[in-house]
Amino acid sequence: MARGVSSFERLFNPRGVAVVGASAEPARPGGQTIAALQQHGFKGGVYPVNPKYPEIAGYRCYASIAEIGGECDVAVIALPAAQVPGVIRACGDRGIAFAVVLAGGFREAGADGQKIEEAMLAAAREGSVRIIGPNCLGLVNLHARVYAAWGSLTRPPLLSAGPVSAVLQSASLGTTLLVRCATAGVGFRHVVTSGNEADITAPELIDGYVDDPDTRVILAYLEGVSDGRAFLRAARRALAARKPLVVLKAGNTEQGRRAAASHTANLTGDYDVYRAVFRQCGVIEVHDLDEAADVTLSLVGGRLPRGRRVAVMGGSGGAAAMFADRADELRLSMPPLAEQTLKVLRSCLPSLSSLQNPIDYTAGYPRPGPGLDFRQAFDAVLNDPGIDQLAVMFAAAGRNQLQVGGELLGKVAFSSDKPIVVFSGMTQEIAPEGLGLMREAGIPVVPSPKRAAVVMAKLADYAAALGGREQGSEPHGARTVRPPALPAGAATLDEHESKKIIAAAGVPVTRDRLVPVSATKGVLADIAYPVAVKIVSPDIAHKTDIGAVRLNVRDRAALEAALSEIVNNARRAAPEARISGVLISEMITDGLETIIGVVNDAVFGPVVAFGLGGIFVETLRDVSYRVAPFGLEDARAMTEELRARPVFDGVRGGPPRDLDALVATLARVSELAWHLRDRLAEMDINPLLVRPRGQGVVAADAMIVLR
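The opening position of the sequence shown corresponds to residue 1477 in our numbering, with each subsequent residue numbered one higher.
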C-alpha cells in the first residue's frame, strides 16, 4: 500500500506503544511485549489494552484503544486473527499510525484467513494505518529501546546497539541470523521481522533504512519480494547513499522453472533473476549465516578497497595456501610487492621470513624482539601502491599474545584507509581483549583463511559497484524507436513477424525473402547464394529439431530440394501447425552464434538473458542476466560474466568479434523489452551472429511470444 504515512519515523521512534491483548502472564505474547518494553527502559508511553485488568506491570491498563489519552504511534496487536480487523479500525479512529500484528491465521491459513486479511487491509486503508506483519515477531529499535515485539526478539542472548539495520522475512531463521551476527560483533539499530508483508514490505523497509542517518549497513534475509521494481529502486537508493545492502536469499533452487516455448524461459529460473538484480544494484549477496556475519561485520568498519589486489601476512604457509586457492576462485590477485616495500620488510621481519606475497614471517603472531618491528612491516605493506587490502593470520596463541597483536593492528588500522581482515582460530571466550581491540578498529576477525578471502572479495565487489556502475533505468538504446503495431491477444509470432519488430527497434537482421508454400517455383530468381532456408510457422518454435532448416544452400537445384524437404518435414512432424511459408535468408558465414532472450518475470518484469547460441545453449548454460532496461555498462558486464568470454577475443586463429556492436544490441533489446512489457511474454533472438570486429551483428532468427 503506497499510501498513508510516508515516513517510518513514528514506527521506529514512537512516542508511545499500545499493547492490545496485553497480559499479566509474562509467557503470553502480550505479556512478553509489556515486559520487554519495561525491562529495556523504553522512555515513551506504554499502554496495555485489555478490559480484564486495571493495571499490568505497574502500567495503567485500558479497556479499549479509544480510552488511551497519551501520545501513541504504534499498536502491537497480540490477539487472534479474527479480532484484528476491528482493532485496526480502532487504531485508525484513534490516530495510531502503525500496527504490528503478531498472530498468524491470515492468507497463509487458506480462504477464511484470506478474507480476514482483506478485511484487515480494508480497515487499514480507511484509517491510514500501516501494518507490520501479520505473522511476525515485531520490531526493535535498539537505540531508542523500542521493543514492539515478542518471542526470541525479546529474550537472551540480547542484541547490542550498533549501525546495522535488518529486515527479516523469516522469524526463526532471521533471529538465528541476528544471533550469529551479534556473536561476531555486529551491533544493530533497527530490526524488523516483516512476516506475511500484507502491507509494509521488505523493499519499503530497506527504503526507510536508507533515509535513516544512523544506519550505515542494511542486512536482509529474503525469501522473495512481491514488487520487484520496488526492490530495484530501494537497492539503487542504498547504493547511491553508500549504504551497503547485504542480502541472504533463500529459495534458490531451479525446481520452480516454468515450462515455456523459448530457450530463454527454459534457461531462466527465479534465482537467476534475483542474482541479476543483485549485480545490477550493487547488492552484496551472501550464501549462509557465517558469510552474512563476516561480511556485515567487515562493512561496518567502512573501509573499502580500490581494487582486487591483496597481500597476506602470517606465520602459516598452509593457511596462506588455502587463502590463495580461494582468492583465485574469487578473482582476487596476490601481486608481488614493490621493491621499496621489500626493502622495509627485510629490515624489520625475522631473517627467515619469506617475503613473497603471501608473506610468511615464521611466527604465529606478531611478537616483539631484537631487530623486529611488525608495526613498520604492516605499514609498509599497506602503503604499497600495488596492494588494496591486507589479510593477517594470527595463530591460536595465548590470550596475551593476541592482545598484543590486537593493539598493534589497531594502531595500524587507524593510520590507513585500506581494509584489514584477520583470520584466526582464537575465540571471544579465549581472547576477548585482543578481538575487542581489533573490532574497535574496524578490523573483522574470521575463523578461517577461506572465509577471509570471501570477505575481501565481497568488499572489492561492493567497491566496484560504487565505482561508476550505471544506476539509471532510463532508456539507453532505442528511445525514439517504436515497433510496429502488435496483433491483439496472446500469440506466438513467427520468425518473419518477429524480425520486423526487432528490426524496428534497431537490431540488425538478415536480408530475407518470404516465399509462400504454394508459389515457390516462380519466385526463385535473383537469389544470391549461399542462403539459409527455414519453415515459417508460429506453431514451430524449434525448427532444427524437426528438419525444417537447411543451411549453406548454394544453387537453385539445392534450393528447390530444400524447399520441398523442409515443408514435408514440417507437415510430417507438426501436421496441425500453421505454415506461413518458407523464409530464404542470406547466409552469414563469419558470425559467432550467440543468443539474446527475454522472459517477462512476474516479479521483476522483462529479464534479458545472453549466452553462446545455437543448439547447445540449454546444455552449456553459460548465461548472464540483467533486468531491463539497462545501459551499455551492464550490457558489457553481461559479456564479461560468461565463462566463454575469451571466445570473443578470437581463439585458434579466429578473428576478434565486434563486442561494441554486441553490447549496443543488448542494451537496445532491453529497451525494446521494456517498451513491450505489457504484452511481451518471451523473446528469443537465436542466433544473433557476432561478426568480426567492425562488421557488426546480425539476427539470423527470432521468436516473440505475446500475452
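For each residue, glycine too, the CB sits at the ideal point set by N, CA and C. No experiment lies behind these values; they were computed from the predicted model shown.
| query | result |
| --- | --- |
| CB contact check: Gly1881 to chain C, cutoff 7 Å | Among the protein chains of the structure shown there is no chain C, as only one such chain exists. |
| Residues bridged to Ser1969 (per DSSP) | Strictly speaking, residue 1969 in this sequence is Leu, with Ser absent from that position. Bridge partners of Leu1969: Ile2180. |
| Stretch pair the stretch 1480 to 1494 + the stretch 1532 to 1549: three plus CB contacts closer than 8 Å | yes |
| Pairwise C-alpha distance: Glu1767 and Ser1823 | 37 Å |
| Ser1829 in three-state terms, based on DSSP | coil |
| Contact under 7 Å by Cβ, Leu1821 with Ala1853 | yes |
| At least 3 beta-carbon pairs within less than 8 Å: the stretch 1671 to 1679 vs the stretch 1622 to 1642 | no |
| Backbone secondary structure at Asp1652 - three-state DSSP | A small fix is needed here, since residue 1652 is Thr in this sequence, not Asp. Looking at Thr1652 - three-state DSSP - the assignment turns out to be helix. |
| For Pro2168: DSSP bridge partner residues | Arg2133 |
| For Glu2158: DSSP bridge partner residues | Val2075 and Val2181 |
| Ile1544 - DSSP class collapsed to helix/strand/coil | coil |
| Ala2001 burial status per 10 Å Cβ neighbour count (16 or more: buried) | exposed |
| Simplified DSSP state of Val2173, which is helix, strand or coil | strand |
| The stretch 1912 to 1926 touching the stretch 1788 to 1799, judged by at least three CB pairs closer than 8 Å | yes |
| His1763, buried or exposed, once every other Cβ within 10 Å from all chains shown has been counted against 16 | exposed |
| Contact check, Ile2016 vs Ala2050, beta carbons under 7 Å | yes |
| Cα-Cα separation between Val2007 and Pro2163, rounded to whole angstroms | 15 Å |
| Residues bridged to Ala1961 (per DSSP) | The partner list for Ala1961 (beta bridge, DSSP) is empty, contrary to what the question assumes. |
| Where Leu2068 sits in the DSSP three-state scheme | strand |
| Segment contact flag, the stretch 2082 to 2090 with the stretch 2132 to 2149, C-beta cutoff 8 Å, min 3 pairs | yes |
| Spatial neighbours of Gly2057 in its chain, beta-carbon cut-off 7 Å, leaving aside the 5 residues before and after | Leu1990, Val1991, Pro1992, Val1993 and Val2012 |
| Integer Cβ distance of Val1448 from Pro1861, believed to fall under 8 Å | The structure shown does not extend to residue 1448, since the chain is modelled only from 1477 to 2183, so the question has no answer here. |
| Span separating the alpha-carbon of Leu2135 from that of Arg2119 | 16 Å |
| Ala1814 (DSSP reduced to helix, strand or coil) | coil |
| Helix, strand or coil at Ala1625 according to DSSP, with G and I counted as helix | strand |
| Check whether Leu1513 and Val1522 have beta carbons under 7 Å apart | yes |
| Residues bridged to Asp1836 [DSSP beta-bridge criterion] | Gly1790 and Ser1830 |
| Where Phe2106 falls: helix, strand or coil (DSSP) | coil |
| Per-residue DSSP class, three states only, for Lys1725 | strand |
| Pairwise C-alpha distance: Leu1848 and Ala1714 | 45 Å |
| Assigned secondary structure, Pro1951 (DSSP; H/G/I helix, E/B strand, else coil) | Low local confidence applies: a pLDDT of 46 at Pro1951 is under 50, so the model's placement there is unreliable, and no value is given. |
| Cβ contact (3+ pairs, closer than 8 Å) linking the stretch 2163 to 2180 and the stretch 2066 to 2074 | yes |
| Val1605 to Gly1614 span [Cα, whole Å] | 16 Å |
| Endpoints, the beta strand (DSSP E) within which Asp1988 is located | Asp1988 to Val1991 |
| Within 7 Å, strictly: CB atoms of Asp1770 and Val1931 | yes |
| Residues of its chain near Ala1803, where Cβ-Cβ distance is below 7 Å and the 5 sequence neighbours each way are ignored | Val1786, Met1810 and Ala1929 |
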